[in-house]
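Data first, discussion second: the structure below is written as structure tokens.
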Ligand code: SF4
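Protein chains in written order, with my numbering: chain A, 74 to 330; chain B, 2 to 411.
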């Protein structure tokens, strides 16, 4: 039997399929303006890519901030539970998750069965989220995907003191004007974001092994800044961005229809 | 479902109508006080109201007014107005709303009736001191401050003497302001009714130990107004007796607040006044009932210190040892007691941007509760009156996730 998970995030929509407890395929597209069509699009794209027919899917679980707009799903679950299930599915040893997505970041503590014990999410503020990094990349005229690589060559990260994204942006602009090195500014940005996200992990006393998920996990500089901040090693899987969708597919397979 | 409507009617608490009438009459009384030669005192929610009642002074509660402002969704405008006057957005939203309301006679009832005096007791917070000073200057009326030191661990003999002496000063202040003497017999009678009212309120709240619960914390938030504003009167006593009867009837008939109560939750901190409907529906959709809360039970939490035969002496202790004036360990003990008594599956903590004394120790209490009981705890960031500190979609996800965790635990 085949099961699907669909994760509608604020920036990207993700889908995953599993068959007999094995991952068959995943797909990521931009969410765009309409979360309803994003759900349909990412699902159709994945079906086409894996050459699986719609009728062969036994159950679908939707997650992410747009979970309730996926009208063809059998059930909606929050991304907190789905990330837990997804991480446990890929690596049962995981006890902690740091998920940084487009508009929110969270820390999730798991028990030995992959069930969520506790979680903490960012406040009503974009600092420490993907959106924060996006704003900074724009200010620095750097591709979002290049932030990580560039920052790794910094030896003296700049100090960003504002928590607010808008103020931090003007701080960065004056740093550019002051001709600070780009890699240092970017490393400083990562440290600032890591301080916010790291606080969530400490708040719930996150235990290892810890895995990082969400689109921002692909940014090596950010992972490194978090490792330094928390003094731990952070694992990153092959599909950090798809983790929530994978968890949703696993939950679909557990549904008794 | 075709029977939703009658079902809904059945679930409604009938006493709500009577309660609205009483509150309207109370505000009418206050609004027409001058014509009837009566004095008005504004008083903080945790302040000792009994001597006022005994001296026939009408107590008016800016905090109750703040709740009304919040519930009628007028909080944002009034808070913004206060900020334009120069007050910080970090100031408690009750204070902001009240201060700006006094300037423009705004809000749901066109402003509160003007005070003849102000009574401020800092057993709830330090904010009220400055807030009442501002209002004393604005209305040019005398202000009495009752200073109740925080009971971090114990109520020491020094605290006892210190507070007791101020109770005498308080009475002198009232006698000077009214030009009348306090009648000791009247004081005994009011003390008696105040204690009786609190015991009845306690009884109302504990009817929710029954499964399924005949009422929810959302109902308690509403019915609370009488024990706050009319404590020490026969009206409050009569009303709560009636309410208890109705609750007992509901228990007998198996009428529950949440139609299919499956999960029972405890709420901490003030209500989010402008989102009561949404929150109540949200939890109800998960078959969860907020059966109890630390907020409304604060008005009966120091019954054990009151001695009817020695009301003024014991009042000093009772008012000093209220929930918010205790140390965090004591607060956590009380929360743990409530978790056991009401047999709850989860704990929802409203981290309230406005109320610092209530929100400050919450992280510690959360950790203590998790360690000692293992029940899931949710921290919800909001503000009781100012909607700018609340994000609906974030709250939605957090509550869903919290309920998923509770359901997982089975
Ligand atoms: S800070 Fe808290 S206790 Fe003080 S007035 Fe505001 S809500 Fe009430």
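Yeah, the Cβ is synthetic: ideal placement off N, Cα and C, and Gly gets one too.
Practice item. Specify the secondary structure class of residue 183(B) as computed by DSSP and reduced to three states. Key: Along the second chain, read from residue 1 onward, the residue named residue 183(B) stands at position 182. It is coil, neither helix nor strand.
Point to revise | Cα-Cα separation between residue 281(A) and residue 184(A), rounded to whole angstroms | key: Along the first chain, one-based indexing puts residue 281(A) at 208. Along the first chain, one-based indexing puts residue 184(A) at 111. If I take the Cα positions, the gap works out to 11 Å.
**Study point:** When 74(A), 272(A) and 311(A) are compared against residue 304(A), the one with the closest alpha-carbon
**Key:** Working through the first chain from its first residue, we reach residue 304(A) at position 231. It is 272(A) whose Cα lies nearest to the Cα of residue 304(A).
Review point. How about residue 198(B) and residue 151(B): are their beta carbons less than 7 Å apart?
Key: Sequence index remark: in the second chain, residue 198(B) carries index 197 (1-based). Sequence index remark: in the second chain, residue 151(B) carries index 150 (1-based). No, Cβ-Cβ distance for residue 198(B) and residue 151(B) is not below 7 Å.
**Study point:** Burial state of residue 5(B), where buried means 16 or more other Cβ atoms lie within 10 Å
**Key:** Here residue 5(B) corresponds to residue number 4 of the second chain, with the count starting at 1. Bear in mind that the predicted position of residue 5(B) carries a pLDDT of just 44, short of 50, making it unreliable; the figure below should be weighed with that in mind. Flag for residue 5(B) reads exposed.
Check your understanding: Counting along the chain, where does the beta strand (DSSP E) carrying residue 133(A) start and finish?
Key -> For the purposes of this step, residue 133(A) is identified with residue 60 of the first chain, where counting begins at 1. Segment 130 to 136, the beta strand (DSSP E) holding residue 133(A).
Check your understanding: With respect to 6 Å, is the separation between the Cβ of residue 125(B) and the closest non-hydrogen atom of ligand 1 below this value?
Key -> Within the second chain, the letter at position 124 stands for residue 125(B). Residue 125(B) Cβ: within cutoff of ligand 1.
Check your understanding: Who are the near neighbours of residue 399(B) in its chain, counting only those whose CB is closer than 7 Å to its CB and skipping five residues on each side?
Key -> Taking the second chain and counting its residues from 1, one reaches residue 399(B) at position 398. 379 and 381, listed in sequence order.
Check your understanding: How would you label residue 155(B), buried or exposed, when you count the other beta carbons within 10 angstroms and need 16 or more for buried?
Key -> Counting from one through the second chain, the residue named residue 155(B) turns up at place 154. With fewer than 16 other Cβ atoms within 10 Å, it is exposed.
Check your understanding: Near residue 89(A), which residues of its chain fall below 6 Å by C-beta distance, leaving aside the five closest residues on each side in sequence?
Key -> Here residue 89(A) refers to the residue found at position 16 of the first chain. Correct list, in chain order: 78, 99, 315, 318, 319 and 322.
Review point. For residue 176(A) and chain B, any beta-carbon pair shorter than 7 Å?
Key: By one-based count along the first chain, residue 176(A) stands at place 103. Residue 176(A) does not count as touching chain B.
Practice item. Quick one: measure Cβ to Cβ for residue 153(A) and residue 270(A), integer angstroms, because I've assumed they're closer than 8 Å. Key: The residue labelled residue 153(A) in the question sits at position 80 within the first chain. The residue labelled residue 270(A) in the question sits at position 197 within the first chain. Incorrect: roughly 15 Å between the Cβ atoms, too far for contact.
Check your understanding: Contact between the segment 326 to 343 of chain B and the segment 249 to 262 of chain B: three or more CB pairs below 8 Å?
Key -> no
Point to revise | Where residue 194(A) falls: helix, strand or coil (DSSP) | key: Mapped onto the first chain, residue 194(A) falls at position 121. Looking at residue 194(A) - three-state DSSP - the assignment turns out to be strand.
Exercise for review: Put residue 352(B) into one of helix, strand or coil per three-state DSSP.
Suggested key: In the second chain, residue 352(B) corresponds to position 351, counting from 1. Residue state, collapsed to three classes: strand.
Review point. On the three-state DSSP scale, how would you describe residue 182(A)?
Key: By one-based count along the first chain, residue 182(A) stands at place 109. Three-state DSSP puts residue 182(A) in a strand.
Review point. Counting Cβ pairs, one atom from each stretch, are 3 or more of them under 8 Å apart for the segment 184 to 193 of chain A and the segment 212 to 226 of chain A?
Key: no
Point to revise | Cut-off 7 Å between Cβ atoms - residues of its own chain near residue 167(A), not counting five sequence neighbours on either side | key: For the purposes of this step, residue 167(A) is taken as the residue at position 94 of the first chain. Around residue 167(A): 160, 161, 183, 282 and 284.
Exercise for review: Report all residues from its chain with a CB closer than 8 Å to the CB of residue 75(A); omit the five preceding and five following residues, and keep chain order.
Suggested key: Counted from its first residue, the first chain places residue 75(A) at position 2. Closer than 8 Å at Cβ, skipping near neighbours: 90, 91, 92, 97, 125, 129, 130 and 131.
Review point. Is the shortest distance between the beta-carbon of residue 323(A) and the beta-carbons of chain B less than 7 Å?
Key: Here residue 323(A) refers to the residue found at position 250 of the first chain. False, the Cβ-Cβ gap to chain B never drops below 7 Å.
Review point. Do residue 412(B) and residue 369(B) have their CB atoms nearer than 7 Å?
Key: This structure cannot settle anything about residue 412(B), because the visible part of chain B is limited to 2 through 411.
Point to revise | At least three beta-carbon pairs within less than 8 Å, the segment 170 to 185 of chain B to the segment 218 to 231 of chain B | key: no
Check your understanding: If you draw a straight line from the alpha carbon of residue 38(B) to that of residue 365(B), how long is it in whole angstroms?
Key -> By 1-based counting over the second chain, the position of residue 38(B) is 37. By 1-based counting over the second chain, the position of residue 365(B) is 364. Taking the straight line joining both Cα atoms gives about 50 Å.
Practice item. Report yes if the C-beta distance between residue 294(B) and residue 268(B) is below 7 Å; otherwise report no. Key: Residue 294(B) sits at position 293 when you count from the first residue of the second chain. Residue 268(B) sits at position 267 when you count from the first residue of the second chain. The answer is yes: Cβ separation under 7 Å.
Practice item. Using the Cα positions of residue 214(A) and residue 177(A), report the straight-line distance between them to the nearest angstrom. Key: Position 141 of the first chain, counted from the start, is the residue given in the question as residue 214(A). Position 104 of the first chain, counted from the start, is the residue given in the question as residue 177(A). Their backbone Cα atoms lie some 23 Å apart in a straight line.
Check your understanding: What residues of chain A sit near residue 285(B), judged by a beta carbon separation below 8 Å?
Key -> For the purposes of this step, residue 285(B) is taken as the residue at position 284 of the second chain. By Cβ distance, chain A contributes nothing, its closest Cβ being about 17 Å from residue 285(B), past 8 Å.
Check your understanding: At a Cβ threshold of 7 Å, is residue 196(A) touching chain B?
Key -> Taking the first chain and counting its residues from 1, one reaches residue 196(A) at position 123. For residue 196(A), the answer is yes, since a Cβ of chain B falls inside 7 Å of its Cβ.
Point to revise | Cβ separation of residue 140(A) and residue 181(A), assumed to be a contact under 8 Å, to the nearest whole Å | key: By 1-based counting over the first chain, the position of residue 140(A) is 67. By 1-based counting over the first chain, the position of residue 181(A) is 108. Not quite, the Cβ-Cβ distance comes to about 17 Å (not below 8 Å), so this is no contact.
Practice item. Would you list the one or two residues that DSSP bridges to residue 43(B)? Key: As a working note, residue 43(B) is residue 42 in the second chain. DSSP, once it has assigned bridges, lists 61(B) and 119(B) as partnering residue 43(B).
Check your understanding: Got a sec: does ligand 1 put a non-hydrogen atom nearer than 6 Å to the Cβ of residue 241(B)?
Key -> As a first step, residue 241(B) is located in the second chain; it is residue number 240 there, counting from the start. No, the Cβ of residue 241(B) stays beyond 6 Å of every heavy atom of ligand 1.
Check your understanding: When Cβ atoms are compared, which residues of the segment 398 to 410 of chain B fall closer than 7 Å to chain A?
Key -> 398, 399, 401, 402, 405, 406 and 409
Exercise for review: Report back the beta-carbon spacing between residue 247(B) and residue 15(B) to the nearest angstrom; my notes put them in contact at under 8 Å.
Suggested key: Indexing the second chain from 1 puts residue 247(B) at position 246. Indexing the second chain from 1 puts residue 15(B) at position 14. The pair is a contact, with the Cβ atoms about 6 Å apart (cut-off 8 Å).
Point to revise | Interface partners of residue 188(A) on chain B, CB under 9 Å | key: By one-based count along the first chain, residue 188(A) stands at place 115. The answer, in chain order, is 406, 409 and 410.
Practice item. Answer yes or no: do residue 261(A) and residue 291(A) have a C-beta to C-beta separation smaller than 7 Å? Key: Mapped onto the first chain, residue 261(A) falls at position 188. Mapped onto the first chain, residue 291(A) falls at position 218. In this structure, residue 291(A) does not lie closer than 7 Å to residue 261(A) by Cβ.
Exercise for review: With DSSP collapsed to three states, give me the class of residue 2(B).
Suggested key: By 1-based counting over the second chain, the position of residue 2(B) is 1. Confidence in residue 2(B) is poor, its pLDDT being 39 and thus under 50, which makes the residue's placement too unreliable to answer from.
Review point. In this structure, does DSSP put residue 319(A) in helix, strand or coil?
Key: Along the first chain, read from residue 1 onward, the residue named residue 319(A) stands at position 246. It is helical.
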